[in-house]
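Residues -19 to -1, 1 to 357 in mature numbering (1 follows the signal peptide of the UniProt record, and there is no 0) are what the sequence shown spells out, letter by letter. Here a beta-carbon is modelled for each residue, glycine too, at the ideal position from N, C-alpha and C. Beneath this line is the structure, given in structure tokens, with notes to follow.
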Amino acid sequence: MTRYIFALSFLFLFTFSNAQEKKRARDYGIEIGVMASGNLNAITDVPGVKVGHQTLIKGDSVRTGVTAILPHSGNIFQNKVPAAIYIGNGFGKLAGISQVQELGNLETPIILTNTLSVPMGIQGTVKYALALEGNENVQSVNAIVGETNDGYLNDIRGMHVSENDVIAAIENAKTGIVPEGNVGAGTGTVAFGFKGGIGTSSRKLPESLGGYTVGVLVQTNFGGVLTINGAPVGKELEQYPFSSAIKKSDGSCMIVVLTDAPLDARQLERVAKRAMMGLAKTGGIASNGSGDYVIAASTAESMRIPYQTREKFDTGDVLRNDHMSSIFMATIEATEEAIINSLFMAETSKGKGGHTIQQLPMEKVIPILQKYGVIK
């Protein structure tokens, strides 16, 4: 019995120490860009934003989940937010895109999951919205559900995500620290040939530029030649597409950009386009088979769009175009760092069919970053 207890204690300590070893980019001294991050360096640095995960790990083959991003904690349907969606490469199944493009607003939480669970994402989000107080007479809800294909590690054909999982992710959403790596919609994803997942970052503009916060959350499941703050890590590790005739680069990346800057839908599309520049800086190439989408929204209370009102005109001051460049820069930097964080925080995973995807080998990455002067 004593040996059994000792073995359990050792296993717990070993697991705990391994978990403690996971560090974000800044913990290694990697400073991406020049702008300051928010206090948490997460999308939740944007006031009022909440993130929730529902992680599904079952048996040998279920490695998937749901991630919900709430732009504010109220009834989003009754108080919609300005939004835009930009398609970097359209090999994907993003639901709800046409209404956002037509009306320029978002009326539900943003849901991320796997490709074949988009219908459940819609169903769960709609049921959640219809059940909210004040929505008793609502008969149309435009759910926004993005995806990446986690079918290498996950039994995606089993369609294990339920509408209850979607609702749980929404209802469990919180402010504060955002879990990253193998969680929620990132549980079964692969990026640059290594374990990908959920990552987040933020930038805080100085007061002289408005003091606004830009937060980004990504679901990474794409390929390319991994570059970390300019260092050609993928090349040095000899892990990159087209190094032989049989290697290719497919996959997808969902990028969510939220800001408290008072922006309208047209300006938010401009912001969304810049997020793809952040993806490119990490070595992503938006390949033929990649579904790369950016969802951008403003959480500014002055920009909320009421579901029902007698007012004929929208109110609220919109930031002038001349003051957009700092927000563009913040978006690029936060997107780049969020993607790197998703890799740094992910752990080796074994899933369907015995497939195993290794985590980024930091014992090899650190010397490369030192070689190129990224860290000392």
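Query	Result
Are the CB atoms of Val62 and Arg251 nearer to each other than 9 Å?	no
Do you know offhand how far Val159's Cα is from Val238's?	15 Å
Identify the residues that DSSP records as bridge partners of Met235: which are they?	Gln200, Tyr274
Leaving out the 5 sequence neighbours to the left and right, which residues in its chain are closer than 7 Å to Pro342 when beta-carbon positions are compared?	none
For Lys352, tell me which candidate among Thr48, Ala253, Pro213, His304 has the shortest Cα-Cα distance.	Pro213
Counting only runs of 3+ residues fully inside the segment 242 to 301, write out the beta strand (DSSP E) ranges in chain order.	272 to 279
With H, G and I counted as helix, E and B as strand and the rest as coil, what does DSSP make of Leu(-12)?	No answer about Leu(-12) holds up, because its pLDDT of 42 lies below 50 and its placement is not dependable.
In its own chain, which residues sit with a C-beta less than 6 Å from the C-beta of Asn210, not counting the 5 before and 5 after it?	Ile11, Ile13, Val355
Distance check for Leu324 and Ala315, CA to CA, integer angstroms please.	14 Å
What does the alpha-carbon distance come out to for the pair Gln59 and Ala242?	20 Å
Apart from the five residues on each side of it in sequence, which residues of its chain come closer than 6 Å, Cβ to Cβ, to Gly19?	Asp26, Ser183, Lys185, Thr194
The beta strand (DSSP E) spanning Lys345 covers which residue range?	No beta strand (DSSP E) holds Lys345; the alpha helix (DSSP H) holding it covers 343 to 352.
State the Cα-Cα distance for the pair Thr263 and Val206, rounded to the nearest angstrom.	8 Å
Should Val15 go down as buried or exposed, given a rule of 16 or more other Cβ atoms within 10 Å for buried?	exposed
Please report the distance separating the alpha-carbon of Thr337 from that of Gly178.	15 Å
Can you list, in chain order, the residues of its chain with a C-beta nearer than 6 Å to that of Gly232? Leave out the 5 residues immediately preceding and following it.	Asn202, Phe203, Gly204, Ser271
Answer with buried or exposed for Ser330, where buried requires no fewer than 16 other C-beta atoms within 10 angstroms of its C-beta.	buried
Rounded to whole angstroms, what's the CA-CA distance from Leu218 to Lys176? Just pull it up for me.	15 Å
Counting C-beta neighbours from all protein chains within 10 Å, is the total for Gly192 16 or more, i.e. buried, or is it exposed?	exposed
Whose C-beta lies closer than 6 Å to the C-beta of Ala65 among residues of the same chain, with five residues either side of it excluded?	Ala246, Leu249, Glu250, Ala253, Ala277
Quick one: what's got a C-beta closer than 6 Å to Gly46's C-beta in the same chain, skipping five residues either side?	Gln35, Thr36, Leu37, Gly165, Ala166, Thr168
Report buried or exposed for Gln340, applying the criterion of at least 16 other Cβ atoms within 10 angstroms of its Cβ.	buried
Would you kindly work out how many angstroms separate the C-alpha atoms of Gly40 and Thr94, rounded to a whole number?	19 Å
Using CA coordinates, which residue listed in Ala327, Asn302, Asp273 is at the minimum distance from Lys74?	Asp273
My output table needs one value for Phe72: the three-state DSSP class, helix, strand or coil.	coil
Buried or exposed: Asp136, going by 16 or more other Cβ atoms within 10 Å of its Cβ?	buried
Give the range of the beta strand (DSSP E) segment to which Lys216 is assigned.	That residue, Lys216, is in no beta strand (DSSP E); its alpha helix (DSSP H) goes 214 to 217.
Cβ of Ile148 within 9 Å of Cβ of Gly105?	yes
Between which residues of its own chain and Val30 is the CB-CB distance below 8 Å, once the five residues before and five after are set aside?	Ile24, Ile50, Leu51, Pro52, His53, Thr156, Gly196, Leu239, Thr280
To the nearest angstrom, how far is it from the Cα of Gln82 to the Cα of Ile92?	17 Å
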